[in-house]
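Structure first, then comments.
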Amino acid sequence: MTRRAAVRQATVPAVVGLVLLAVYIATLARGVTFWDAGEFIASGAGFGIPHPPGTPLYVMLLRTAVVLLGALGVPAAVATGLVSAVATAAACALAAALIYRMSRDTLASVAAGIVAGTMATVWLNATETEVYALSLALSLAMVWTAERAGRRESLRWSVATAYLVVLAVPLHLSALLAAPAAVWLAIGRGGWPLDRSALTRAGVVGAGAVTAWALGRMQVGPAVAAAIALAAVTVAAIRWPAPRDAAVLHARRTLPPPVVRALLPIVAVAIAASAIAVLYFRAQHDPPVNQGNPSTLQALVDVVARRQYAVAGLWPRQAPLWLQLGNLGLYADWQVARSLGPTIFPTAGRTAMTLLFVVLGVAGAVLHWRRDRRTWWAFALLLAAGTVGAALYLNLKAGPSFGHGLLPPGAVREARERDYFFVLGWWAWGIWAGFGAVMLARRIGIPGAGAGLAMVPLLLNWREVDRTRLPDAALPLATAEGLLTFAPERAVLFVAGDNDTYPLWYAQRVLGLRPDVTVVTTPLLPADWYRNELARREGLLPADVPWRGREAAVRAIANRARVRSRPVAMAGSMAAADRERVQSAWQLQGPVFVAALRDTSSSALLVDTLAAARWEQQVASLTGGRPARASIDGTARYIGALLACPGLARRVAR
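If you're matching positions, the sequence shown starts at 1 in our numbering and goes up one per residue.
The structure is reproduced here in structure tokens:
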């Protein structure tokens, strides 16, 4: 390779990575966002254990960012968000490098990376503290090393790929969606039937993938069998190498005796999986965020395998398959041009752009096929695994916005839209759409149009994915600050779920606000570890209290709080029926319902109008006095409506 060619090959990923990183930093959340971000930021700041599967590798990366960037004065939320931004930019840069190696076309490769990185769900994951950005980066690292293993016919790079595949266990198993593409690329360019060298490389990566899947599900037997197979394949490759496998021939001459050789791939896989042990050792110190409390081996197994949740199998389907695939189509319509339709329902402009990019994606796939079928199959596997494959494996319930009128009125739905589960698929679509835009524009004689088309997702998604825009950017912290500000001293505060719990954890454990308030997350009460935590840390339940239902647990905690002279309070997200089960008399103080010191038979609600007025002023100062904007994710509008309730109550009470 000439020096000029080497410079150009390095320039393509550098341009893609730097451009996307600049875009992500410009739109990066400056504080906590809704859903899991508050929990992850708090875990990074306190080296904690977030919800199962615990994601220890991710938390270690967050902790590193908080310590290093914190020394420079960077807030924890920004430091952890930058981890997502850098990871996503790096993933798109690696993809652009692969496309350039295949096509030797600078503009088409840059366009592919930029479009992939500005698909809406990819972009949103890159600008908040969320594990799926790191999962995407790990997926691309697998693909990159596997491509190198196949191109160089290298066992060494195959073992490196297996190592990265197993890293999905301590990071997030969603990265395993890239494993089929990695196995394919590791085979190399040899024809059929495959020779022993190709089978060895594929076997090493495939055994690593099976090991990772078994460890992630805590299926010990399959994990051990896969590890033995991994060692056997490696020993066979070194004992009977293919004539052209220079790396293996070198290994045969220079490596230690066969027994030690057999241990090498197992050691690599064990090192990757060893990060799981961080959960066990960290739990011994009971960090502030300690979900699942994996302080025993059985609890560790339960956390890694996500046994706290009812993980669905492949069958029976939780929703009709056609509806699950239809939900996937709905999510696809949210990727290219959100600002043309900030609503869950299709709009003419947004859907037209979606269809245009489907055409560009097909064109890119066809043109890719003509240039290089080996990498074409890899990207096809990434697209298929990240969309239909994920839908089949995850077996999700219908999304909150889909299937109304088609399912029974009381059908159970997902708690939130799950478009982020399919981020690898949206990313792969973007690669082909960007490549196709430039190549197709040249073929029809309008070369400049390709670059313009590649900018469409960047321009038409920006307004809707920008996490710096008020009032939406201020609502999560406003929720937490309001609940903590108006809660009485030493209050026991009951909350309803993720979008009040996790901002509260961020406010208390990262910002240090009102540590005297004990937050009780009612959806977690069925978990033994959580009830034991409330007993151990706060004395709000007897040790090892038997489970008699959520209502009984709430009453028991409230009664124990009164015995300890602690006020009882509830967030506005809690249902009125929940308050009535605890007692009848309540006073609304800002956004917090506070139980009266003496219960009465009257169920009338008292409103502290002065507190409500102060709360209205506080919300107005944080949000600029504007309502949450229309958006596909209705969380901000729902929370905004909750925050406005005290003001409405004050006006009614006057």
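Glycine residues also receive a C-beta, built at the ideal position from the N, C-alpha and C atoms.
For residue i, the residue or residues it bridges with in DSSP
i	result
Phe-494	Val-520, Met-570
Ala-595	Trp-586
Asn-290	Ile-49
Val-607	Leu-588
Residue i versus residue j - alpha carbon distance
i	j	result
Gln-589	Leu-124	35 Å
Leu-249	Ala-507	Residue placement at Leu-249 is flagged as unreliable, the pLDDT there being 48, under the threshold of 50; the coordinate-derived value follows with that caveat. Cα to Cα, the separation comes out at about 58 Å.
Ala-487	Val-510	19 Å
Thr-479	Leu-98	44 Å
Thr-635	Phe-34	8 Å
Ala-428	Val-456	17 Å
Leu-194	Thr-200	10 Å
Gly-386	Leu-138	14 Å
Arg-598	Leu-541	22 Å
Ala-569	Ala-558	9 Å
Leu-164	Pro-50	22 Å
Leu-460	Glu-616	34 Å
Gly-405	Leu-606	40 Å
Ala-527	Val-278	22 Å
Trp-376	Ala-146	14 Å
Val-303	Ser-295	10 Å
Arg-614	Leu-484	14 Å
Status (buried if at least 16 other CB within 10 Å, exposed otherwise) for residue i
i	result
Leu-447	Note that residue 447 corresponds to Pro in the displayed sequence, not to Leu. Classification for Pro-447: exposed.
Pro-320	exposed
Ala-275	buried
Val-359	exposed
Ala-108	buried
Ala-37	buried
Arg-564	exposed
Pro-13	buried
Thr-521	buried
Pro-503	buried
Arg-548	exposed
Gly-31	buried
Pro-471	buried
Arg-338	buried
Asp-105	buried
Leu-314	exposed
Ser-621	exposed
Arg-298	According to the sequence provided, residue 298 is Gln. The question's Arg does not apply to it. Answer is exposed; the Cβ neighbour count stays below 16.
Gln-308	buried
Cβ pair residue i, residue j closer than 8 Å
i	j	result
Ala-596	Trp-586	yes
Leu-475	Thr-623	yes
Ala-212	Val-166	yes
Gly-216	Ile-187	no
Thr-518	Val-492	yes
Cys-645	Gly-539	no
Trp-334	Asp-419	yes
Trp-110	Ala-93	Sequence check: residue 110 is Val here, not Trp. No. Outside cutoff.
Leu-593	Val-554	Here residue 593 is Phe; the residue named in the question, Leu, does not match the sequence. No, they are not a contact pair.
Leu-458	Thr-118	yes
Thr-127	Ser-84	yes
Arg-665	Arg-374	Nothing about residue 665 can be read from this structure; the chain reaches only from 1 to 654.
Leu-440	Gly-450	yes
Trp-462	Phe-379	no
Ala-273	Pro-170	yes
Gly-482	Leu-643	yes
Ala-168	Ala-175	yes
Ala-332	Thr-354	yes
Ala-91	Leu-140	yes
Val-183	Ala-202	yes
Leu-356	Gly-349	no
Asn-327	Phe-421	no
Distance between beta carbons of residue j and residue i, contact taken as under 8 Å
i	j	result
Arg-63	Gly-81	Incorrect: roughly 14 Å between the Cβ atoms, too far for contact.
Ala-411	Ala-391	Not really, about 18 Å apart at Cβ, beyond 8 Å.
Val-289	Trp-529	No, Val-289 and Trp-529 are not in contact; Cβ-Cβ is about 12 Å, not under 8 Å.
Val-143	Ala-178	6 Å
Asn-293	Glu-533	7 Å
Ala-207	Ala-162	7 Å
Thr-88	Val-115	In fact, because the Cβ distance is near 13 Å, the residues do not count as touching under 8 Å.
Val-465	Ala-120	6 Å
Tyr-58	His-172	7 Å
Ser-135	Arg-371	About 29 Å separates the two Cβ atoms, so there is no contact after all.
Any non-hydrogen atom of the ligand ZN closer than 7 Å to residue i Cβ
i	result
Leu-524	Ligands are entirely absent from the displayed structure, and the ligand ZN is therefore not among its contents.
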